[in-house]
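For reference, the structure is listed below as structure tokens.
Numbering (the working numbering), first residue to last: 151 to 499.
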């Protein structure tokens, strides 16, 4: 009986410690994070090409009662139904972060394009703002596909998906669940949150990793109590509290985002992100997939991308580039990657 009593006392102490810990991270102040604005007053690539917006049409559709904002690009020749590419941006990204550059070139090649903002981001609805919740974003992809399949100008059997970074994983998961898709482009794709998390902790150390975990726990606990979200920067300088703080992350985002970009995100994604493993869905994909892999990527392990190629089997086509994660969005690397995409789409769409 004494042993049982001690065990119960120990359990009670442990439960008490957990309750106190949860109360501290949920309600106490002191978790404020330094904001890291990305705008430097200079015109970004996205803004520099904003004058080309006359080629697009503002459209919207709904997901569970929430409005999704999108841009629709249609080619000049609509004498017959045309193929369509559905595009969504990466981690915390919005459609005005350079997606128009790709869309206009696809339009010139004869494709329709739909570029959309996820719920909680950009011009789309949804509260709280800046919430990355993976199931929601996957539902947004499905809704975008349904929307374009219902347009009279679009061939519903010739739909391609285009994703980059975080959304490069989304398009693989979506393709695994939709056998009608014609093909998929996954650019520097985030295919294994667990592997990326391990890579991150090795770089920043366990101490910094635990600090980030506490921020994620605080936001998640506050959401359970209906309190305001706890947010941290999406991209930050090395050593700072941010979801992405590799040496190239801050400048990589800064050179791409418009002045209106909000560099923060609900921290709960830090809890969920490590469990997201699109690589586990790859074997179920039944359409051609172009994987554009950056060999010097500091965010996505090369081994995870290679494992995805293996899981895709005959449906996978990999092209390797000796560059970092953010290099593929700029200059000659952008042009090379885009040309490879156009060649792939010409074969399969």
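We put the CB at the ideal spot given by N, CA and C, even for glycine.
request  = Specify the secondary structure class of residue 172 as computed by DSSP and reduced to three states.
outcome  = The DSSP-derived three-state label of residue 172 is helix.
message = Please classify residue 263 as buried or exposed, where buried requires at least 16 neighbouring CB atoms within 10 angstroms.
response = Buried.
key: Rounded C-alpha distance that separates residue 476 from residue 164   = Rounded to the nearest angstrom, the two C-alpha atoms are 45 Å apart.
ask   = Out of curiosity, what's the CA-to-CA distance linking residue 382 and residue 415?
value = So the two alpha carbons sit approximately 6 Å from each other.
key: For residue 217, three-class secondary structure by DSSP   = Residue 217 falls in the strand class under three-state DSSP.
Beta strand (DSSP E) segment containing residue 313, residue limits = Per DSSP, residue 313 belongs to the beta strand (DSSP E) from 304-314.
task = Quick one: give me the first and last residue of the alpha helix (DSSP H) that residue 492 is part of.
result = Run containing residue 492: 481-498, per the alpha helix (DSSP H) assignment.
request  = Provide the residue span of the beta strand (DSSP E) that contains residue 238, from first to last.
outcome  = Under the DSSP assignment, residue 238 falls in the beta strand (DSSP E) whose first and last residues are 232-238.
query = Under a three-way DSSP split, which group does residue 212 fall into?
reply = Look at residue 212 here: in three-state DSSP terms it is strand.
task = Let me know if residue 178 comes out buried or exposed under the rule of 16 or more other beta-carbons within 10 Å of its beta-carbon.
result = Of the residues assessed, residue 178 falls on the exposed side of the cut-off, its CB having fewer than 16 other CB atoms within 10 angstroms.
query = Cβ atoms of residue 419 and residue 370: under 7 Å apart, would you say?
reply = For residue 370 and residue 419, no; Cβs fall outside 7 Å.
ask   = To the nearest whole angstrom, what separates the beta carbons of residue 441 and residue 336, a pair I think is in contact under 8 Å?
value = Yes, residue 441 and residue 336 are in contact; Cβ-Cβ is about 5 Å, under 8 Å.
inquiry  = Below 8 Å, how does it come out for the segment 357-368 and the segment 474-494: are there three or more Cβ pairs, yes or no?
reply    = The segment 357-368 vs the segment 474-494: no contact.
inquiry  = Assuming contact is defined by CB atoms lying nearer than 7 Å, are residue 275 and residue 217 in contact in what I supplied?
reply    = Using a Cβ distance threshold of 7 Å, residue 275 and residue 217 count as a contacting pair.
query = Taking the DSSP output, what are the residues bridged to residue 430?
reply = Bridge partners of residue 430 according to DSSP: none are assigned.
ask   = Exposed or buried, residue 171, counting other C-beta atoms within 10 Å across all chains shown (16 or more means buried)?
value = Burial is judged here by how many other beta carbons sit within 10 angstroms of a residue's own beta carbon; residue 171 has fewer than 16 and is exposed.
query = Can you tell which of 483, 426, 161 has the C-alpha that lies nearest to the C-alpha of residue 323?
reply = Of 483, 426, 161, the residue nearest in Cα terms is 426.
ask   = How about residue 439 and residue 188: do their beta carbons lie closer than 7 Å?
value = In this structure, the beta-carbon distance from residue 439 to residue 188 does not fall below 7 Å.
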